[in-house]
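Down below is the structure, laid out as structure tokens.
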Amino acid sequence: MRGVPSDQKGSFMRTSTKRYLDHSVRAPLCALMFSVVLAACGKDAPPAPAADASPPSAASAPASAPAADNTAPAPTPAPAAAAMPNVAAGPAPDPATPVAPPATIVPIPKGPEVKVTPELVAEGKKIYFSAGCNACHGGTGGGGMCPPLTNDIWVYGSDDDTLRTLISEGTAAMITHGKTRIGHEKVVGQMPPFGPVLKPGDTEKLLAFIHSINKTAGKAQ
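Numbering (mature numbering (1 follows the signal peptide of the UniProt record, and there is no 0)), first residue to last: -39 to -1, 1 to 182.
Okay, here's the thing in structure tokens:
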């Protein structure tokens, strides 16, 4: 430097050198500190949200559950109840041509002696109406669509075993016992069997009632 004293030149050189050294040291140091600050900030920053997962493919989808079997089980048929004779419709038509007797005759079953007491007669009268006997034979047994029970004409016989079998098995079964009509009355149709609908002992009570309105009942013809 021209025109500058030597002592000033030395001072200027020292100052320039110091400034240069300070600048050369500060720059890397600042860069290092800036890197440390960035690293620390990176640790505290929340992670970036992950991209939505792609929907599962059709191949990886779970198999659909098998359809429920809605087929209802076949209902169990109920046991057939004993059919009540349809007395309101009247007796069954009486065949014009008599049925030929079977090759084998089944004897009429033998029953107990009929007891006639006021109690049995009263109970027999109740059964006479509840079973529908009055619809064909009349309210007092005097007849109607079928023979009366108060006279001395008995179509198949007046003994108690025949009457008991006729009540239980009906007109159609009498031929199997070798029975044919020995008396003739006004008959619109056949008498249905009442055995399936009467309780044990009811037939004896009915016979007691018949004995009470017809004194010839129970006597062999």
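Here a beta-carbon is modelled for each residue, glycine too, at the ideal position from N, C-alpha and C.
Query raised in the report: Looking only at its own chain, which residues have a Cβ that is under 7 Å from the Cβ of R142, when we skip the five neighbours before and after it?
Result: V116 and Y117
Requested in this report: Would you verify that the beta carbon of G150 is, or is not, closer than 8 Å to some beta carbon of chain B?
Outcome: In the displayed structure, chain B is absent; only one protein chain is listed.
Query raised in the report: How is G85 classed by DSSP in three states: helix, strand or coil?
Result: helix
Requested in this report: Starting from the C-beta of A72, find all residues in its chain whose C-beta is less than 7 Å away, skip the five residues before and the five after it, and write them out in chain order.
Outcome: In the sequence under discussion, the amino acid at residue 72 is Gly, which differs from the Ala named in the question. Taken in chain order, the residues that qualify are D121, D122 and R125.
Report task. Count the other C-beta atoms from every protein chain shown that fall within 10 angstroms of the C-beta of A178, then say buried if there are 16 or more, exposed otherwise. Result -> buried
Query raised in the report: Can the beta-carbon of P70 be found less than 8 Å from the beta-carbon of T137?
Result: no
Report task. Could you have a look at F155 and say whether DSSP puts it in helix, strand or coil? Result -> coil
Query - Bounding residues of the alpha helix (DSSP H) (the contiguous stretch that carries E130) - result: D121 to E130
Query raised in the report: Straight-line CA distance for residue 252 to L81?
Result: With the chain represented from -39 up to 182, any question about residue 252 goes unanswered, as that position is not in the structure.
Query raised in the report: Whose C-beta lies closer than 7 Å to the C-beta of F155 among residues of the same chain, with five residues either side of it excluded?
Result: P46, A92, I128 and S129
Query - N175 versus L168: straight-line alpha-carbon distance, rounded - result: 10 Å
Query raised in the report: Out of V75, T65, P68 and I66, which has the shortest C-alpha to C-alpha gap to H172?
Result: V75
Requested in this report: Answer with buried or exposed for A96, where buried requires no fewer than 16 other C-beta atoms within 10 angstroms of its C-beta.
Outcome: buried
Query - From L159, T132 and G100, residue whose alpha carbon lies closest to that of G150 - result: T132
Query raised in the report: Roughly how many angstroms lie between the CA atoms of P161 and G103, to the nearest whole one?
Result: 26 Å
Query raised in the report: Start and end of the alpha helix (DSSP H) containing D163?
Result: D163 to I174
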